[in-house]
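Notes for the one structure printed next.
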Amino acid sequence: MKRILVTGGAGFIGANFVHHMIAHSDSEITVLDKMTYAANRQSLEGLDSKRVNLVVGDICDYVLVNELVPQHDAVVHFAAETHNDNSLHDPRSFVISNVLGTFELLEAVRNHGVRLHHISTDEVYGDLELDDPQRFTETTPYKPSSPYSATKASSDLLVKAWVRSFGIEATLSNCSNNYGPYQHVEKFIPRQITNVLGGLRPKLYGNGANVRDWIHASDHSSAVQLILEAGQAGRTYLIGADGEKSNREVLALILELMGRKADDFDAVADRAGHDLRYAIDSTVLRTELSWQPRYTDLVQGLEQAIGWYRQHRSWWEPAKAQTEQRYAQQADAFKVAS
Ligand code: NAD
Ligand code: DAU
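Heads up, our numbering is the position in the sequence shown plus 35, with the first residue counted as 1.
What follows is the structure, given as structure tokens:
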């Protein structure tokens, strides 16, 4: 896998993956990214320009995609609209990028015989009760709740159909909630860290009992590299690091690590249709491909993330005010609707 096309490589997980591959392989990478509000050029700074090239463009652009795909040995497809809250207020861009964009890539890899790895999410499986002993596995039925997760489920089903009907060489992975450097300040962990750093109170949705299964983005990257190199065509792999925590617990850790009082946050209106709990069983990946996460201590991972946001204010500050303004507008729209 020498020449890799990474879609969405200027976003959070894509950028982490590019850094990982430059450090842990001899691949040459083209990033194809539309540079939406979620992308940041600075996330790719410091990388060897002989090995990483950024093409600003849209995965829905048939001509561009069919020019780029045949120049590569594999496509790793991260590009998507990814934020659940936004999908409740503006679902159109999710359908276009996540469903139609994936369709264009599928047609291109089919026409040019190029290997694809499709990045997806545990949200396609819906949610679990807090006391459910089951976790998501590769055979859990799809039951997405939000416009975002419905578009990701749609894109997964397209990939599976192209594997079965056209025999494209593709693998899929569904991963749990990522955290780490380069994550946009709209997402839960960076929003709370940067709120504290910027003198705002953290915001907890509802009663904070919702559980997410946290994994460090660098562990997601190592899993994707392994699947790309050793995964079986047509297969789905679930990626998770046994990191279940309630939002209340995660926020309490952030407040403690940042020297704030435990009650120094605002409980705000809940997200509509808010999924209660996600939990991944990654036994298949661990046993068949011998994958192991490196970040198994969330406190240590959060400490590192807090340090990163402290040291990289110029990376996140330009997006912060705009993001909080968007949240305020969404809250107003929610009040009008309910
Ligand atoms: P992100 O929002 O940080 O980045 C997405 C990137 O895709 C951005 O750089 C954006 O500019 C680009 N993009 C969007 N639409 C595009 C288009 N039409 N053409 C080209 N580029 C486009 O997202 P992320 O959190 O890094 O997520 C990356 C992938 O991983 C997504 O497919 C997401 O569904 C999946 N995923 C995310 C998580 C998580 O916790 N964040 C967990 C599991 C899976
Ligand atoms: O599970 C994987 C998914 O994780 C990915 O597919 C998505 O792209 C990614 O955004 C993430 O989805 P979530 O909706 O779980 O992530 P988010 O960071 O938006 O929220 C995490 C939890 O925190 C969720 O229960 C909502 C809650 N939350 C979020 C925000 C932004 C708050 O309590 N307060 C907040 O301010």
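In this text, a Cβ means the ideal position worked out from N, Cα and C, and glycines have one as well.
Item                                                                                                                                              : Value
Can H152 be considered in contact with the ligand NAD, in the sense that its beta carbon sits closer than 7 angstroms to one or more heavy atoms? : no
Please go through the region 106–165 and give each complete alpha helix (DSSP H) segment of 4 or more residues, from N-terminal end onward.       : 119–124 and 136–147
Could you tell me which of Q339, L193 and Y97 sits nearest to I289, measuring between CA atoms?                                                   : Q339
Take Q335 as the anchor and find which of G215, V66, S128 and V231 has the nearest alpha-carbon.                                                  : G215
Spatial neighbours of Y177 within its chain, please: C-beta separation below 7 angstroms, excluding the five flanking residues on both sides.     : V159, Y160 and A188
Verify the contact flag: F47, CB atom, against every heavy atom of the ligand NAD, threshold strictly below 7 angstroms.                          : yes
Between D298 and G269, what straight-line distance do the alpha-carbon atoms span, to the nearest angstrom?                                       : 48 angstroms
Could you tell me the alpha carbon to alpha carbon distance between Q346 and P182, rounded to whole angstroms?                                    : 35 angstroms
Taking the alpha carbon of M293 as the point to measure from, which residue in L261, R236 and G275 has its own alpha carbon closest?              : R236
Check whether the Cβ of K178 lies closer than 7 angstroms to any heavy atom of the ligand NAD, and answer yes or no.                              : no
So who's on the other strand from V41, going by DSSP bridges?                                                                                     : V66 and V111
Can you check DSSP and say which residues form a bridge with A205?                                                                                : L151
Whole angstroms is fine: what's the gap from H55's alpha carbon to A302's?                                                                        : 37 angstroms
May I have the straight-line CA-CA distance separating S62 from M36, to the nearest angstrom?                                                     : 7 angstroms
Is S256 helix, strand or coil when you go by DSSP?                                                                                                : helix
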